[in-house]
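For the working numbering, add 31 to where a residue sits in the sequence shown, where the first one is 1. All C-beta atoms, glycine included, are put in the ideal place defined by N, C-alpha and C. Worksheet: one structure, shown below.
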Amino acid sequence: MYPELRSKRALFALFALLCVPPLRAQQDPDAARLIADVAWLADDARAGRRSGEPGNVEAAAWIATRMTSLGLEPAGDGGTFFQAFPIDLPARDGGGSWIEWEAPLAGEPPEYGQPDLRVPPRARGASSVVPLFCSDAVEELAGLPLVMAGYGIVSPERQWDDYAGLDVRDCVVLIARGTPSLPAGAAPAAGADGHAGA
Numbered sequence: 032m033y034p035e036l037r038s039k040r041a042l043f044a045l046f047a048l049l050c051v052p053p054l055r056a057q058q059d060p061d062a063a064r065l066i067a068d069v070a071w072l073a074d075d076a077r078a079g080r081r082s083g084e085p086g087n088v089e090a091a092a093w094i095a096t097r098m099t100s101l102g103l104e105p106a107g108d109g110g111t112f113f114q115a116f117p118i119d120l121p122a123r124d125g126g127g128s129w130i131e132w133e134a135p136l137a138g139e140p141p142e143y144g145q146p147d148l149r150v151p152p153r154a155r156g157a158s159s160v161v162p163l164f165c166s167d168a169v170e171e172l173a174g175l176p177l178v179m180a181g182y183g184i185v186s187p188e189r190q191w192d193d194y195a196g197l198d199v200r201d202c203v204v205l206i207a208r209g210t211p212s213l214p215a216g217a218a219p220a221a222g223a224d225g226h227a228g229a
């Protein structure tokens, strides 16, 4: 046999071996296990898993334990699966300033026993906040009227407008940090108030 042909056959055999997936990759995933994992992570007990909140911490610990059980090796801080990283946000503490309000909320109050969705969940029961400013014009804001605009979201495709009915010209607009989340079962029925709903 010619040496060139022998080396081509050996190269082809090596290529064929490299293309064969490992046996572990050929195993079918356990659908019931995947469904159980997703159900646990999505359970209302995790309360949405917002960063830094108990549901998030619990879910992160569960994922790390699951990764360990799968034989994965951690590559995070201190030999863990976690890694701290800085986030440079433009907002900063306004220094010794604070805001307090006693004004009634805009809109009709909810029916008895229904959640008050006119105020973002993080602001419910709070009468003061520490403002974070994204501008150097803090002194120019003193004395301006304060208007609360939910999360400051305008999303026509989701029929969501926190500014609907508000006149915010020449006002300080107070918005809640994060994204909206409703307590389990608090979402109004689809179409009940004209929204598309899910």
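Measure the beta-carbon distance from F113 to A91 and round it to whole angstroms, keeping in mind my assumption that it falls under 8 Å.
Yes, they are in contact, since the Cβ atoms of F113 and A91 sit about 7 Å apart, within 8 Å.
Report the CB separation of G209 from R81 in whole angstroms; it is logged as a contact under 8 Å.
The Cβ separation is near 7 Å, so the contact holds.
Could you compute how far the alpha carbon of E176 sits from the alpha carbon of P211?
First, the residue type needs correcting, since residue 176 is Pro and not Glu in the sequence shown. Whole-angstrom Cα-Cα distance: 24 Å.
Opposite S186 in the DSSP bridges: which residues?
According to DSSP, S186 shares a beta bridge with W191.
What are the boundary residues of the beta strand (DSSP E) that includes L177?
Counted as a single uninterrupted DSSP element, the beta strand (DSSP E) harbouring L177 occupies residues 177 to 179.
Who are the Cβ neighbours of Y194 in its own chain at under 7 Å, not counting the five residues just before and after it?
Closer than 7 Å at Cβ, skipping near neighbours: A180, V185.
Rounded to a whole number of angstroms, what is the C-alpha to C-alpha distance between V204 and V178?
Using only the alpha carbons, I get a separation of about 5 Å.
Whole angstroms are fine: how far does the CA of S100 sit from the CA of E188?
A direct Cα-Cα distance of roughly 42 Å separates E188 from S100.
Contained alpha helix (DSSP H) runs [length at least 4] in the stretch 50 to 95, N- to C-terminal order:
If we require 4 residues or more, the alpha helix (DSSP H) runs fully inside the stretch 50 to 95 come out as 54 to 57, 62 to 73.
Within 10 Å of its beta-carbon, does A207 have 16 or more other beta-carbons around it, so buried, or fewer, so exposed?
Counting Cβ neighbours within 10 Å, A207 comes out buried, since at least 16 surround it.
Same chain only: Cβ atoms within 6 Å of P105, ignoring 5 sequence neighbours per side:
For P105, where only same-chain residues beyond five positions count, the Cβ hits under 6 Å are T111, F112.
Between L65, D108, C202, which lies nearest to A173 when the distance is taken from Cα to Cα?
For the residues L65, D108, C202, the minimum Cα distance to A173 belongs to C202.
Proximal residues to D192 (C-beta, below 7 Å), its chain only, five neighbours per side dropped:
Around D192: V185.
DSSP three-state label for L101, please.
Looking at L101 - three-state DSSP - the assignment turns out to be coil, as it is neither helix nor strand.
Rounded to the nearest angstrom, what separates P109 and A115 at their Cα positions?
One point to set straight first is that residue 109 is Gly, not Pro, in the sequence displayed. Across the structure, G109 and A115 are spaced so that their CA atoms are roughly 11 Å apart.
Provide the residue(s) that pair with L172 in DSSP beta bridges, ordered along the chain.
In DSSP, L172 forms no bridge with anything.
Within 10 angstroms of the Cβ of A157, are there 16 or more other Cβ atoms? Answer buried if so, exposed if not.
Only weak support exists for where A157 lies, its pLDDT of 46 falling under 50; the value from the coordinates is given anyway. Exposed.
For the beta strand (DSSP E) that contains V199, what are its first and last residues?
Segment: none, V199 is in no beta strand (DSSP E) and carries neither H nor E.
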